[in-house]
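For reference, the structure discussed in these notes is given below.
2 protein chains.
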Amino acid sequence: MTLSHGSGGKATRALVEAIFAAELANPILDPLDDAALLPPAAGGLVFTTDSYVVKPLFFPGGDIGRLAVCGTVNDLAVAGATPLYLSLGVILEEGFPIADLRRIVQSLRQAADEAGVRVVTGDTKVVERGKADGVYLNTAGIGRLRPGAQLAAAAARPGDRVLVSGRLGDHGVAILVARAELDLESEVRSDTAPLHDLVANLLDAAGAGVRSLKDPTRGGLATALNEIALAADIGIAVEESQVPVAADVRGACEILGIDPLHLANEGKLLAIVAPEYATAALTALRAHPLGREAAIVGEIVSEPRGMVFLRTSIGGHRVLDMLAGDALPRIC
Amino acid sequence: MTLSHGSGGKATRALVEAIFAAELANPILDPLDDAALLPPAAGGLVFTTDSYVVKPLFFPGGDIGRLAVCGTVNDLAVAGATPLYLSLGVILEEGFPIADLRRIVQSLRQAADEAGVRVVTGDTKVVERGKADGVYLNTAGIGRLRPGAQLAAAAARPGDRVLVSGRLGDHGVAILVARAELDLESEVRSDTAPLHDLVANLLDAAGAGVRSLKDPTRGGLATALNEIALAADIGIAVEESQVPVAADVRGACEILGIDPLHLANEGKLLAIVAPEYATAALTALRAHPLGREAAIVGEIVSEPRGMVFLRTSIGGHRVLDMLAGDALPRIC
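Dropping the structure here:
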């Protein structure tokens, strides 16, 4: 990659045609104009964005391309939307290998196919050596709100159950192991996956009882629960023994002195569900390949407001706060 | 700025609330959820994205925040859309001063107000010292297609006139002078401005005759014209003497040995207009504060296809190619 690939002139066009247009071809993107014309869509739209600065770019279970699709698709899915379109902004460091870029874009394309979304518009910039770290991506996503979907963090109320779709912390540990920051043999792979289909299953089966959905990424389950507790002005009690965490992840957390509930996930769903729908919701999650290890891990309580606490296996209580400090930079 | 501001936990929330939520407040953004719910909109939508890596961050006539609004708004405007919503992705370098971030976000807010758009969703990441250059921004934009707007680079046909809305190259020279790469006293200011209103004036007055619009940013007028020549499979003849270029810009280009038509603009419009609408189009552009120096600078010809050439003031012809090489990295 050279700076001329970011000039907007001939070299940019050649790069865009050889990599992005070739790998991501679809009728909306193909004109390669500066903006994409979308077909009219009925109903409400949902709009979201994330930048991706994960280190390393390739890790067990995924890479920055797959992450850039799944992260944004999942933000749409947990808002109750069917993901439709993505934009793709690429910031490349001078000297970055074209072969790596192609591999990332191919992975991105495969994830987009899994998620049923199309990349319809994009932009490429190149910065000097030492002014980035290989490549940073940004995707923005547009989805169509499912009819009747009424999800909000503020909607949680006492008695609601807290469900998670599977084991927590895999992404965080996979990244740390890939960075060789942990002196650990581990088979843990990132869970990076698009959750749109799992969410659709859940809403089809128990939609009337689903108050709020989140994908607990940066900051982990603990941060996502604290956001809900603050937004809804309720408390959340989590049964520590019910939270699914892989043995390798638990071991890594002990070495690091961090809580697995602060680790990032990139393919897990957090659902707050009315008690009378909890069983139907759990069944719907477990019926999906991405939710086989789903569990009910806690409940909404009226006090203490705005706080999350763990009921530990030895019968105690412990405040579960948002992630503080910088334990895990560049996890996504 | 510390890495913990990018953790997704407490520090991220504090930063987002203190800077982004405070400066950009609006009812769609305010819930600070991971995705924004947009009201239903009739008609076709237009979607675009750009990343901004301009160096320096602050320059005469603008800064990266103003640029990040105008660049994306202008991509929507030249597609024939009324800009509505922006997303904002922020990649910060560890150690970046919070005061500078606030200044950038305030400028961004002011430009958004000028352009009539709202930032409705966003994301903040922090990377280690030496892995970025202060701050990089990405904005994606959604606009509503104007009824009847049928603009396409491929629509240009022989006889059409080529109009520009004012002096070319100001942004490029302002950036170069601000970088002190030019040993030059200059009062040139970037033209960074939202073009939505100028475009609306033009389409109201001469819409039926407007074939194609572009904002000639990276790669300048020359690159934008070459894109049109390729897409429409026609030739474009530019009258060199008719192209408005400020004396300071012309002088800087002579020193640098570059063509002002390869310099970036961030507040100029290129319009391809049917001949019978050319006068109405020119009048409409000149009636707007951003188009006072608009000019007809050339015409579409049938041969040579896919090429742009200059008719020079001494009666010769010269091929005007896309920008090649890396003369001007990080201009936007």
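Residue numbers (the numbering used here), protein chains in the order written: chain A, 6 to 337; chain B, 6 to 337.
Yeah, the Cβ is synthetic: ideal placement off N, Cα and C, and Gly gets one too.
In this chain, the alpha helix (DSSP H) harbouring ILE109/B covers 103-120.
Pairing ASP202/A with VAL78/A, the inter-Cα distance amounts to about 11 angstroms. Residues of chain A with a Cβ closer than 8 angstroms to the Cβ of ASP118/B do not exist; the shortest Cβ-Cβ separation is about 19 angstroms.
If you draw a 10 Å sphere on the C-beta of ARG151/A, you find 16 or more other C-beta atoms in it, and that means buried. For the pair ALA279/B and ARG216/B, the CB atoms are nearer than the 8 angstroms cut-off. The Cβ of PHE52/B sits closer than 8 angstroms to at least one Cβ of chain A.
Close CB contacts of CYS258/A within its chain, under the 6 angstroms cut and outside five residues either way in sequence, are with PRO265 (chain order). When CB distances to chain B are screened at a threshold of 7 angstroms, not a single residue of the stretch 201-212 of chain A falls below it.
Counting along the chain, the unbroken beta strand (DSSP E) around ASP55/B starts and ends at 50-57. Here LEU207/A has VAL215, ALA276, ALA286, ALA289, LEU290 as same chain residues with Cβ atoms under 7 angstroms from its own Cβ, once five neighbours each way along the sequence are excluded. Leaving aside the five residues that flank ILE180/A on each side, the residues in its chain whose CB is nearer than 6 angstroms to its CB run, in chain order, PHE64, ILE336. Listed along the chain, the chain A residues whose CB falls inside 8 angstroms of the CB of MET327/B are GLY14, LYS15, ARG18. DSSP places LYS136/A in the coil class of the three-state scheme, outside both helix and strand. Residues of the stretch 129-140 of chain A that bring their beta carbon within less than 9 angstroms of a beta carbon in chain B comprise THR129, LYS130, VAL131, VAL132, GLU133, GLY135, LYS136, ALA137, ASP138, in sequence order. Among the residues of the stretch 67-83 of chain B, those with a Cβ less than 8 angstroms away from any Cβ of chain A are ASP80, LEU81, VAL83, in the order of the chain. Residue-level contact check: ASP188/B does not touch chain A, since none of the beta carbons of chain A fall below 8 angstroms from its beta carbon.
Identification of residues in the stretch 262-282 of chain A having a C-beta nearer than 8 angstroms to some C-beta of chain B yields HIS267, ALA269, given in sequence order.
Identification of chain A residues near PRO45/B by a Cβ-Cβ cut-off of 7 angstroms yields GLY48, GLY49, ordered along the chain.
In the structure shown, ARG151/B adopts coil according to DSSP, grouped into three states.
The stretch 88-98 of chain B makes contact with the stretch 135-145 of chain B; the number of CB pairs closer than 8 angstroms reaches 3 or more.
Listed as beta-bridge partners of ILE96/A by DSSP are LYS130/A, TYR141/A. In the DSSP assignment, VAL78/A falls outside any beta strand (DSSP E) and lies within the alpha helix (DSSP H) extending over 69-83.
No residue range can be given for ILE263/A, since it is assigned to no beta strand (DSSP E) and is classified by DSSP as neither H nor E. Counting only Cβ-Cβ distances below 7 angstroms, ILE96/B has contacts in chain A at SER56, VAL58, TYR141, in chain order. Here GLY224/A is actually not in contact with MET312/A; their C-beta atoms are around 16 angstroms apart, not less than 8 angstroms.
With respect to the C-alpha of VAL124/A, the residue from ILE24/B, TYR282/B, PHE52/B, GLN111/B having the closest C-alpha is PHE52/B. Taking a contact as a CB-CB distance under 8 angstroms, the pair PRO36/B and GLY48/A does not count as one, their CB atoms being some 19 angstroms apart. When C-beta atoms of the stretch 161-176 of chain B are compared with those of the stretch 300-307 of chain B, three or more pairs fall below 8 angstroms, so the two segments count as touching.
Contact of GLY311/A with chain B is not assigned, every C-beta pair being separated by 8 angstroms or more. In this structure, ALA158/B and ASP128/A do not form a Cβ contact; the two beta carbons are roughly 17 angstroms apart against a cut-off of 8 angstroms. Note that the stretch 7-25 of chain A touches the stretch 221-235 of chain B; at least 3 beta-carbon pairs, one per stretch, sit closer than 8 angstroms. If the five residues before and after ALA82/A are omitted, its C-beta is found closer than 7 angstroms to the C-beta atoms of PRO88, LEU200, HIS201, VAL204, all from its own chain and listed in chain order.
Cβ neighbours of ALA210/A within its own chain (closer than 6 angstroms, five residues either side excluded): ALA285, ALA289. At a Cβ-Cβ threshold of 8 angstroms, ASP175/B and VAL193/B count as neighbours. DSSP places HIS322/B in the strand class (E or B) of the three-state scheme. Residue contact check for ARG335/A against chain B: a CB pair falls below 8 angstroms.
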